[in-house]
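Residue numbers (my numbering): -10 to 380.
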């Protein structure tokens, strides 16, 4: 480990006290044995019968490999071993990626994911399935499948230009004759086709008390985020205003006690890489321009309000890879993060842990899944259960 990395590591440790790991860890295992196929981007949901379903995508690669499909497994109540993997979704000859599982307020099970049309992230199409028959062994029985087609109107472009002008001017890296980053994004936002496609899932939605679903989305084409909103339990969808910034993607969202919604986002922008933050004061319809926080970040964010009111955040809290994955706890709705639990930390810097999912069961335990990639193309999804009462 070079001096720069070592300095950053010790600064993080000093800033965030690390609590005892053994006393909090209830369970830790791989969902399936390490394999050579690429497996990534898991999502968890706890069913009414206390079974747990998990999904991930699997194949020869990601967007460039057409054999990529959505796989799943079931952990039956009272068992410690996941069942054999089964197929959850497969668009023939098109890679399927970034699955998200959730239950709506009517206890219907949703699987939402992307079909990567033309093998380009920016051409991705949102797809979804619905099931009411999902508590028997094996995969759910799907009753409906369709695409989520969003049509942002001209106000999208107006909001993009307005919000980018709220940020400090960005001139680094551009020559006098080249168009600036902001100008290119503003121009692209005026094109109806570009703003209608390429919105991708990654993290679970926020479901409000009235059943309104706010599903986080992001675009690699625009390099920022947006929400898909449903007020009829997922039967129809519309876009929010864009969540604009320089590289705020893959939002994780929670509701504060005062009703505001907070998004923490992966940083895909300029240096230094930090978790970005945005706020909504109208139930996810509009968002403040995203700004960097002080938490280092390279690849992952996840966020959850715990039953006791504390907030939990999981992410890659580093500036140069995915070799560490940490859980942070906040007692003041994310204003500060007073404790840290290191889930993974590979000092060789060769392993990769990323794209976590974070949920809480009725008994209060935290359930976390994430991509677990070792050397020599050995990959799986790891599942961890923690007791937050020890934090």
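A virtual CB, placed ideally from N, CA and C, is assigned to each residue, including glycine.
Residue i and residue j closer than 7 Å at C-beta
i, j, result
"residue 149", "residue 231", "yes"
"residue 127", "residue 216", "no"
"residue 91", "residue 193", "yes"
"residue 43", "residue 36", "no"
"residue 376", "residue 15", "yes"
"residue 299", "residue 283", "no"
"residue 103", "residue 78", "no"
"residue 212", "residue 257", "yes"
Top-ranked residue by Cα proximity to residue i, from the options
i, options, result
"residue 348", "89, 85 and 23", "89"
"residue 382", "379, 222 and 369", "Because the chain here runs from -10 to 380, residue 382 falls outside it and cannot be looked at."
"residue 240", "316, 344, 248 and 334", "344"
"residue 22", "377, 362, 375 and 374", "362"
"residue 318", "294, 305 and 275", "294"
"residue 339", "14, 313, 325 and 103", "313"
"residue 280", "271, 264, 336 and 270", "264"
"residue 138", "131, 70, 145 and 115", "115"
Beta-carbon contacts of residue i that lie in its chain and below 8 Å, excluding the five residues immediately before and after
i, result
"residue 159", "169, 170, 171, 235 and 259"
"residue 54", "27, 48 and 84"
Residue i, enclosing alpha helix (DSSP H) - first and last residue
i, result
"residue 172", "170 to 178"
"residue 56", "Run containing residue 56: none; DSSP gives neither H nor E here."
"residue 185", "181 to 185"
"residue 153", "143 to 153"
Beta-carbon contacts of residue i that lie in its chain and below 6 Å, excluding the five residues immediately before and after
i, result
"residue 11", "Its pLDDT being 46, under 50, residue 11 is placed unreliably by the model, and the measurement read from it follows with that caveat. The answer is none, since no qualifying residue turns up."
"residue 210", "111 and 187"
"residue 155", "278"
"residue 134", "118"
"residue 246", "none"
Continuous beta strand (DSSP E) stretch holding residue i: start and end
i, result
"residue 388", "Within the shown structure, residues of the chain are numbered from -10 to 380, placing residue 388 beyond reach of any answer."
"residue 226", "Taken as a continuous stretch (DSSP letters only), residue 226 belongs to no beta strand (DSSP E), as it is neither H nor E."
"residue 255", "250 to 256"
"residue 48", "41 to 48"
"residue 282", "280 to 285"
"residue 263", "263 to 269"
"residue 291", "290 to 294"
"residue 89", "85 to 92"
"residue 70", "Unbroken run through residue 70: none, as it is neither H nor E."
Close Cβ partners of residue i (< 7 Å) along its chain, the five nearest in sequence each way excluded
i, result
"residue 129", "98, 120, 122 and 123"
"residue 183", "177 and 210"
So within the segment 301 to 371, which uninterrupted beta strand (DSSP E) runs reach at least 3 residues, ignoring any that extend past its ends? Every unbroken stretch of the beta strand (DSSP E) spanning 3 or more residues and falling wholly within the segment 301 to 371 is given here in chain order: 313 to 319, 328 to 334, 341 to 349 and 355 to 362.
Which whole runs of the beta strand (DSSP E) in the segment 99 to 124 are 3 residues long or more, in chain order? 113 to 120, all fully within the segment 99 to 124.
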